[in-house]
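*Asks:*
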Amino acid sequence: MTLDLRGDRYAPSAERSRDLKEALADAFEPSGQMLTLIELHGDDPRSDLCRALERSVFHEAFGAIVPHTPDMMVAEYGPYESRSRFLTAVEWSTMSIVGTLRIIEGYPNKTTTDLVASGMTDNDALDTTYQFDDALTWDIGSVAVDKSFRRTLRMNPVSIPLYRALYVSALRDGITNWTSVIDVDVLSFYRRLGIPFERLMELEDVSYLGSEATACYLDMGNMEASMNAVAEQASRHRRATIEGLLYGSGSTPEIRLRPQVESHPPETATNSGISRAELRS
Numbered sequence: 444m445t446l447d448l449r450g451d452r453y454a455p456s457a458e459r460s461r462d463l464k465e466a467l468a469d470a471f472e473p474s475g476q477m478l479t480l481i482e483l484h485g486d487d488p489r490s491d492l493c494r495a496l497e498r499s500v501f502h503e504a505f506g507a508i509v510p511h512t513p514d515m516m517v518a519e520y521g522p523y524e525s526r527s528r529f530l531t532a533v534e535w536s537t538m539s540i541v542g543t544l545r546i547i548e549g550y551p552n553k554t555t556t557d558l559v560a561s562g563m564t565d566n567d568a569l570d571t572t573y574q575f576d577d578a579l580t581w582d583i584g585s586v587a588v589d590k591s592f593r594r595t596l597r598m599n600p601v602s603i604p605l606y607r608a609l610y611v612s613a614l615r616d617g618i619t620n621w622t623s624v625i626d627v628d629v630l631s632f633y634r635r636l637g638i639p640f641e642r643l644m645e646l647e648d649v650s651y652l653g654s655e656a657t658a659c660y661l662d663m664g665n666m667e668a669s670m671n672a673v674a675e676q677a678s679r680h681r682r683a684t685i686e687g688l689l690y691g692s693g694s695t696p697e698i699r700l701r702p703q704v705e706s707h708p709p710e711t712a713t714n715s716g717i718s719r720a721e722l723r724s
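Whatever position you read off the sequence shown (first residue = 1), add 443 for the working numbering.
#1: Grouping DSSP H, G and I as helix and E and B as strand, with all else coil, what is residue 586?
#2: Hey, would you say residue 483 sits closer than 8 Å to residue 696, going by beta carbons?
#3: For the putative contact between residue 661 and residue 621, defined by C-beta atoms under 8 Å, what is the C-beta separation to the nearest angstrom?
#4: For residue 541, name the three-state secondary structure that DSSP assigns.
#5: So residue 660 is in the beta strand (DSSP E); what residue range does that whole segment cover?
#6: Look at the alpha carbon of residue 451 and the alpha carbon of residue 608, and state the distance between them as a whole number of angstroms.
#7: Helix or strand or just coil, what does DSSP make of residue 648?
#8: Relative to the C-alpha of residue 496, which residue among 576, 542, 654 is closest?
#9: Please report the straight-line C-alpha distance between residue 592 and residue 474, rounded to a whole angstrom.
#10: Our contact map puts residue 513 next to residue 454 with C-beta atoms below 8 Å; I'd like the distance itself, whole angstroms only.
#11: Taking just the CA atoms, how far does residue 618 sit from residue 577?
#12: Run through DSSP, which three-state label would residue 451 get?
#13: Just list the alpha helix (DSSP H) runs in the stretch 476-510, keeping only unbroken ones of 4 residues or longer that don't cross its boundaries, in chain order.
#14: Between the C-alpha atoms of residue 682 and residue 604, what's the straight-line distance to the nearest angstrom?
#15: Within the continuous alpha helix (DSSP H) that includes residue 579, where are the two ends?
#16: In angstroms, rounded to a whole number, what distance separates the CA positions of residue 527 and residue 498?
#17: Using only the alpha-carbon positions, how far apart do residue 562 and residue 641 sit?
#18: Taking the beta carbon of residue 557 as the centre, do at least 16 other beta carbons fall within 10 Å, making it buried, or is it exposed?
#19: Decide if residue 511 is buried, meaning its Cβ has at least 16 other Cβ atoms within 10 Å, or exposed.
#20: Which residue's Cα is closest to the Cα of residue 539: 601, 503, 464?
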């Protein structure tokens, strides 16, 4: 099936959304659970369903301050579309994308480029401090979950499987470092799970489009030990969450790779700005 990438990638028409959902149904099979986790490359036209959710969730959360229009999203993520992959939660009874996590591959990446452009640091300082490897570094560009599948930040049936998928995918690909700009409330939640995000370059928090956020760095080599140390002292529920993230569970479907479909090349886009990796629920 050949799909045309032309048109609005962040607000596809009802007709195009229907075609994209049909393309998902044709290529993917459900896992037998409520959710199936799949991986879509940024050049795969079906990933526009992820972009549409991304924009709608951001607009719901921050649109009263700055409307998250399709043009604004293109300005934010346009330079990184071909380097993006989407870990995606699909609810098969409705063929709906209910959660998506955007990975931006390589270095320099969105977080570091935006921080340098804002004057908060420079490339020499970043290179001296971290020595990021282009092939082994991922930027977490966004996490967005449909409001119908959110209960609270701490009890979210979609975000935890997405984080598990991120961890498994990073191990599979030998990734050593993550960067991201993360909402401060979400960062506090991550730290309570022992996820060892550190403040990037000791930079102050930034206020961006309604979200108070922290520029972060994570060394994958510290992750399992850090989370297990927290689990030893944690409540039963938090320990189960940590173990589910690290080792999986019966309620956490594993990410599955899927074939791409033939498509026209994506349109080019313009500059970007600082983003965040998660939203308040």
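Note that CB positions come from ideal geometry on N, CA and C, so glycine has one too.
*Replies:* If we stick to the structure as given:
#1: Per DSSP, reduced to three states, the secondary structure at residue 586 is strand.
#2: No, the pair does not count as a contact, with Cβ atoms beyond the cut-off.
#3: That belief holds up - the Cβ atoms of residue 661 and residue 621 are roughly 4 Å apart, short of 8 Å.
#4: Assignment of residue 541 by DSSP, reduced to helix, strand and coil, places it in the strand class.
#5: Looking at the DSSP string, the run of the beta strand (DSSP E) that includes residue 660 is 654-662.
#6: In a straight line, the C-alpha of residue 451 is about 28 Å away from that of residue 608.
#7: Of the three classes helix, strand and coil, the one that applies to residue 648 here is coil, per DSSP.
#8: Among 576, 542, 654, the Cα nearest to that of residue 496 is on 542.
#9: Near 18 Å, if we compare the C-alpha coordinates of residue 474 and residue 592.
#10: The beta-carbon distance between residue 513 and residue 454, rounded to whole angstroms, is 5 Å. This is short enough to meet the 8 Å contact definition.
#11: Cα to Cα, residue 577 sits roughly 10 Å from residue 618.
#12: The DSSP-derived three-state label of residue 451 is coil.
#13: You should have 491-505.
#14: The straight-line gap from Cα to Cα measures roughly 15 Å.
#15: Careful: residue 579 lies outside any alpha helix (DSSP H) and carries neither H nor E.
#16: Approximately 15 Å, taken between the alpha carbons.
#17: Rounded to whole angstroms, the gap between the alpha carbons of residue 562 and residue 641 is 20 Å.
#18: Residue burial annotation: residue 557 is buried, with at least 16 other C-beta atoms found within 10 angstroms of its C-beta.
#19: Residue 511 is buried by the Cβ-count criterion.
#20: Selected option, being the one with the closest Cα: 464.
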